[in-house]
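Using UniProt numbering, read the sequence shown as starting at 1 and increasing by one per residue.
Where is the CB? At the ideal position from N, CA and C, for every residue including glycine.
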Amino acid sequence: MDRLSALPRPILHAILAKLPDKDAAKTIALSKAWRDTWFSFPYLSVCSDDPMIFDLRFCNVDILVGYVTKRLLRLHDQGLAIKEFKLNLKMLKPTQLSHNHFDRWIQIASESGIEVLELYLPGGRIGREYGQRNWYILPLCVPQAKSLTKLLLSSGIRVDREFLSRSMKFSSLKMLSLCYVRFTHEGILQNLVSHCPLIEHLYVENCFVYNVISTEDPVDRFDMVKSLFLNGFQKLKEVHVQGIQESTIISDKWFLELFSKYPFLESLKLDGCPMSETINITSARLKVLKLFHCSNLKEVNIDAPHLISLDYCGFEKLVISLMTCSDKLEVSVDTRVDYQHSYSLRDFIQNMPQKILASLSLIISPSYRESDPSELIPAFQVFSNTPPRIKHLELRERAVPSREVFYGHLMHCLLSSCFPEKISFSLVMGNSDAFIEVCLSFSSSFLFNSPIYKLELYFRSSRVFIM
């Protein structure tokens, strides 16, 4: 026996916990000792599209049922803890596995000190094929698991009125994630969240209420959750809520109340929220701020000494001001370029503070339309001052125009607006060679005028140029 196999079982478990699921599963072939270690490993992860463990497209599901049941029962019968149970079966059809198996597995895990439960089940889409009869009904044994600290539910899961009970309580839960989960009553989500007194991380995305009274087509039986109130969560650090029907215009007052209610809040993401044109954000603990597609927003002033990540995505060329921030700040801005008014990009970048430019990753998304070539500026504009340096410039897939007439204008727009340390392009096959030639031509011209400037070009066509 090798020395590694002779280590105490808890140390071997710690080694397996550091490995990816695929690699950890392979250790059963090393020796009998490692096989025994694997079957006593308190972390069970099953993924329907992971051929290293089960390829259920070709494998009988009875093999999966037998394997999972055997693993869970062996741990349970020996009085061993089941710390994590992750079940990702989204690649299966809703009718391929009986819900009775899910009930049994979750019951065993709940009785064995489960700490992390992740369920990604099939049938999350709305439609006749994925009607409510195919959704898995979350059992009440889940909130009864007093050791549960992390609960992630996604797709194909229904939460019924039993979860409206006031006696229900997730006494140890610190992370709750609900994605495409269906509720049979408007108040279930609010009651569920309200009974998590220690919650630190909350994610709610595109959850719906099923109207069981309606006799209309199944597609019309769903309504967005109308509202979600977060009060009294003193330990809350991170919130991501998307798809809530009620929409309030977010103002300075909203932010003041938010950070006073949740003094430990470190991460905040606002996606699709209507906002005032100018907002001021002041927080002593905020580390991550994400503003995505916030309508009306034109200017944001930030005073956050520990801010290390700022992400903005939107059509408006946002004016960003930083009073204080961390020296490790990383900024990502995702916007669009209209080739007819492409020089506005230069003004947008030059108005940014120097603190932002040093760590800025500028992402150019595809424009909704390409101008008529006759509308383009006939000659390239010449600027006397040197463009500012930024960290990274990225063109997303299809952000490169389809017609060659736009290539020169795009490159001139980009490289006259900023000097990136690295440029990344995602090219569509068919126009890559022509664009690469134009890109190299413009890059060489700008490099000649700035000898200490370094440019790296990465292409999906497997061509790499370093200059």
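| Query | Result |
| --- | --- |
| Applying the 10 Å Cβ sphere with the 16-neighbour rule, what's the burial state of Ile188? | buried |
| On a CA-only basis, which of Arg346, Leu360, Lys18 and Pro353 is nearest Asp334? Give me that one, please. | Leu360 |
| I need the boundaries of the alpha helix (DSSP H) containing His195, first residue and last residue. | It is not in any alpha helix (DSSP H) - His195 carries neither H nor E in the DSSP assignment. |
| Do Arg200 and Lys174 have their C-beta atoms within less than 8 Å of each other? | Sequence check: residue 200 is Glu here, not Arg. Their beta carbons are under 8 Å apart, which means Glu200 touches Lys174 by this criterion. |
| Give me whichever residues DSSP pairs with Met175 in a beta bridge. | Lys150 and His201 |
| Check whether the Cβ atoms of Leu236 and Phe259 lie closer than 8 Å to each other. | no |
| Buried or exposed for Glu186, please, with buried defined as at least 16 other CB atoms from any protein chain shown within 10 angstroms of its CB. | exposed |
| For the beta strand (DSSP E) holding Lys422, just list the boundary residues, first then last. | Phe419 to Phe425 |
| Just list the residues that DSSP pairs Leu362 with in beta bridges. | Val333 and Leu393 |
| For Ile11, count neighbouring Cβ atoms within 10 angstroms of its own Cβ and tell me buried if that reaches 16, exposed if not. | exposed |
| At which residues does the beta strand (DSSP E) containing Leu230 begin and terminate? | Per DSSP, Leu230 belongs to no beta strand (DSSP E) and is neither H nor E. |
| Where does Cys439 fall in DSSP's three states? | helix |
| For Asp223, which residues from the same chain have a beta carbon less than 6 Å from its beta carbon, with the 5 sequence-adjacent residues on both sides left out? | Val209 |
| Work out the CA separation of Val239 and Phe233 for me, nearest whole Å. | 11 Å |
| Distance check for Phe406 and Asp433, CA to CA, integer angstroms please. | 15 Å |
| Tell me Tyr43's beta-bridge partners as DSSP assigns them. | Glu84 |
| Ends of the alpha helix (DSSP H) at Leu16? | Arg9 to Lys18 |
| Would Lys290 and Leu307 be called neighbours here (beta carbons separated by less than 8 Å)? | no |
| Let's see if you can read the secondary structure: which residues bound the alpha helix (DSSP H) around His99? | His99 to Ser110 |
| Answer with buried or exposed for Met323, where buried requires no fewer than 16 other C-beta atoms within 10 angstroms of its C-beta. | exposed |
| Between Val159 and Val204, is the Cβ-Cβ spacing less than 8 Å? | no |
| For Lys22, which residues does DSSP report across the bridge? | Per DSSP, none; premise fails for Lys22. |
| How should Ala284 be labelled, buried or exposed, when 16 other C-beta atoms within 10 angstroms of its C-beta is the threshold for buried? | exposed |
| Along the chain, which unbroken stretches of the alpha helix (DSSP H) at least 4 residues long are found entirely within the UniProt domain "At1g61320/AtMIF1 LRR" (233-353)? | 252-261 and 344-350 |
| How long is the line joining the alpha carbons of Leu121 and Ser424, rounded to whole angstroms? | 36 Å |
| Report all residues from its chain with a CB closer than 6 Å to the CB of Pro353; omit the five preceding and five following residues, and keep chain order. | Leu322 |
| If you measure between the beta carbons of Leu318 and Leu297, is that distance less than 8 Å? | yes |
| Would you call the CB atoms of Leu270 and Phe255 closer than 8 Å? | no |
| Quick one: using the 10 Å Cβ neighbour count with 16 as the cut-off for buried, is Pro20 buried or exposed? | exposed |
| Tyr262 to Asp252, Cα distance in whole Å? | 16 Å |
| Can you tell me whether DSSP reads Tyr407 as helix, strand or coil? | helix |
| Closest to Ser177 by CA distance: which of Glu330, Asn191, Leu89 and Leu202 is it? | Leu202 |
| Can you tell me which of Asn100, His76 and Leu92 puts its alpha carbon nearest to the alpha carbon of Ile114? | His76 |
| For Val142, does the three-state DSSP call read helix, strand or coil? | coil |
| With Leu75 as the anchor, note down where its alpha helix (DSSP H) starts and where it stops. | Val61 to Asp77 |
| Just confirm the distance between the C-beta atoms of Leu30 and Ala24, as a whole number of angstroms; I'd bet it's less than 8 Å. | Wrong, their Cβ atoms sit about 11 Å apart, outside the cutoff. |
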